[in-house]
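Below: one structure, written as C-alpha cells.
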Amino acid sequence: MSENSSFFSQICVAQCGGRCCDPWWGIISYTVVRKNIFAGLNDFNAELLKGIDERAKRIIEGYKTSETPPRPLFSLPERYNISITDIKMSGRGATVNILAMFAFRCLFLSQDKTCAIHPGSMNDVDMRPPHCGFMGSLNAKPGEKGYCRIIHAAQAASDSSEAIKRAIDMEGEASGKYYREGFSTAEEASEAIINSLKEYQRRNTPKPMSFDKTSVPGRNDPCYCGSSKKYKKCHGQ
Ligand code: SF4
Ligand code: SF4
Numbered sequence: 396m397s398e399n400s401s402f403f404s405q406i407c408v409a410q411c412g413g414r415c416c417d418p419w420w421g422i423i424s425y426t427v428v429r430k431n432i433f434a435g436l437n438d439f440n441a442e443l444l445k446g447i448d449e450r451a452k453r454i455i456e457g458y459k460t461s462e463t464p465p466r467p468l469f470s471l472p473e474r475y476n477i478s479i480t481d482i483k484m485s486g487r488g489a490t491v492n493i494l495a496m497f498a499f500r501c502l503f504l505s506q507d508k509t510c511a512i513h514p515g516s517m518n519d520v521d522m523r524p525p526h527c528g529f530m531g532s533l534n535a536k537p538g539e540k541g542y543c544r545i546i547h548a549a550q551a552a553s554d555s556s557e558a559i560k561r562a563i564d565m566e567g568e569a570s571g572k573y574y575r576e577g578f579s580t581a582e583e584a585s586e587a588i589i590n591s592l593k594e595y596q597r598r599n600t601p602k603p604m605s606f607d608k609t610s611v612p613g614r615n616d617p618c619y620c621g622s623s624k625k626y627k628k629c630h631g632q
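Have a look at this one:
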C-alpha cells in the first residue's frame with residue numbers, strides 16, 4: 396500500500412459517505428464598513444453581489460489539482476449561505492460583519508461518494524489538491540489539513556462505533572441545515588442580507604411619539620413629551 400493510502404480511513408466513504416466533500420463548504424468572513432448604509436441599500440445590494448461573485452471565484456481559483464496543467468475542483472457554487480454576524484453603528488457609519496458560506500460540489504467526487512483522485516499519487520507525483528478535504532488524515536490535528544471531527548471523535552471515544560454514528564449525525568445535521576438555509580443564487584442570498592438590514596433598521600428606529608388629541612394636557616400640567624416642564628412652557632407654546 397502506498398503511503399497515501401493512510402489518508403483513507405475505514406471510516407471515510409464506507410460509513411460516512413464522504414461528508415467532507417459532499418458538499419464542500421468554502422467559508423469566508425469579511426467586514427463591510429459604510430457610511431449611510433441604510434440610505435443606499437440598492438447600491439449596497441450591487442456591492443454585495445459583486446463581493447459574493449469575487450469571493451466565490453477566488454475559491455474556485457484556489458482549489459485545483461496539483462497536476463500540470465492543474466484541473467479545477469469546483470465550478471459555480473451550488474448553494475449560497477450568507478448571514479450578518481454583527482452590525483456596529485458608529486457616528487461615521489456602519490460596520491457589518493458577514494459570514495459567507497458557499498457549497499461546492501467537487502468535480503472529482505463520484506456518485507458513490509468516492510474521490511476520483513485519492514490516493515492521488517501518479518509516478519510519484521502527488522496529485523492531491525493542496526487544500527481539499529484530504530479524506531481524513533488519521534494524524535492531522537485540529538486546524539491541519541485532513542483533520543476530521545468524525546475521525547477525531549472515533550479516536551477519542553472508547554465505544555468508537557457509537558461515537559462515529561453520533562459524529563456523522565452531527566456533521567450531517569449541521570451541513571444539512573446550512574444547505575437547506577442556503578440559496579440557489581447569489582441574488583437571493585444578497586436579498587436576504589438586505590432584508591436583515593431592513594429588519595435591523597426597523598427594530599432600531601425609535602417609534603414616533605403618538606399624540607392623542609382627546610387628552611390634551613392643561614396649560615399647567617406636565618408636558619406629554621416627558622420633559623418635566625409644564626405643557627405651556629414646552630409643546631403647548
Ligand atoms: S479532490 Fe477528493 S478529497 Fe478533495 S474535495 Fe474532491 S472529492 Fe474531496
Ligand atoms: S474525512 Fe471525515 S468527513 Fe471526510 S469522508 Fe472521512 S470521515 Fe467523512
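First residue of the sequence shown? That's 396 in this note's numbering, and the numbers climb one at a time after it. The beta-carbon is built from N, C-alpha and C at its ideal position, and this holds for glycine as well.
How big is the Cα-Cα spacing for residue 551 and residue 536?
Roughly 12 Å separates the two Cα atoms.
Does the distance from the C-beta atom of residue 447 to that of residue 488 stay below 8 Å?
No, these two residues do not count as a Cβ contact at 8 Å.
Out of 541, 444 and 440, which has the shortest C-alpha to C-alpha gap to residue 415?
With distances taken between Cα atoms, residue 415 lies closest to 541.
Does any heavy atom of ligand 1 sit closer than 7 Å to the C-beta of residue 525?
For ligand 1, not one heavy atom lies less than 7 Å from the Cβ of residue 525.
Can you find the residues in the same chain that come closer than 7 Å, C-beta to C-beta, to residue 398, ignoring five residues on each side of it along the sequence?
Unreliable placement is indicated for residue 398, whose pLDDT of 41 sits below 50; no coordinate value is reported for it.
Indicate, with yes or no, if ligand 2 has a heavy atom lying under 7 Å from the CB of residue 531.
It does: the Cβ of residue 531 is within 7 Å (strictly closer) of some heavy atom of ligand 2.
Could you check if residue 422 is buried or exposed, using at least 16 other CB atoms within 10 Å of its CB as the buried criterion?
Per the 10 Å Cβ criterion, exposed.
Could you tell me the alpha carbon to alpha carbon distance between residue 548 and residue 561, rounded to whole angstroms?
Going by the C-alpha atoms only, they are around 9 Å apart.
For residue 435, which option in 577, 408 and 592 has the closest C-alpha, if you only look at C-alpha atoms?
Checked all of 577, 408 and 592; the closest Cα to residue 435 is 592.
Figure out for me which residue from 475, 568 and 479 has the closest Cα to the Cα of residue 425.
Selected option, being the one with the closest Cα: 479.
From what residue to what residue does the alpha helix (DSSP H) around residue 565 run?
Segment 555-576, the alpha helix (DSSP H) holding residue 565.
Would you mind stating whether residue 576 and residue 476 have Cβ atoms separated by less than 8 Å?
Yes, they are a contact pair.
Would you tell me roughly how many angstroms separate the C-alpha atoms of residue 532 and residue 525, rounded to the nearest one?
In a straight line, the C-alpha of residue 532 is about 13 Å away from that of residue 525.
Would you kindly work out how many angstroms separate the C-alpha atoms of residue 544 and residue 474, rounded to a whole number?
Those two C-alpha atoms are separated by around 23 Å.
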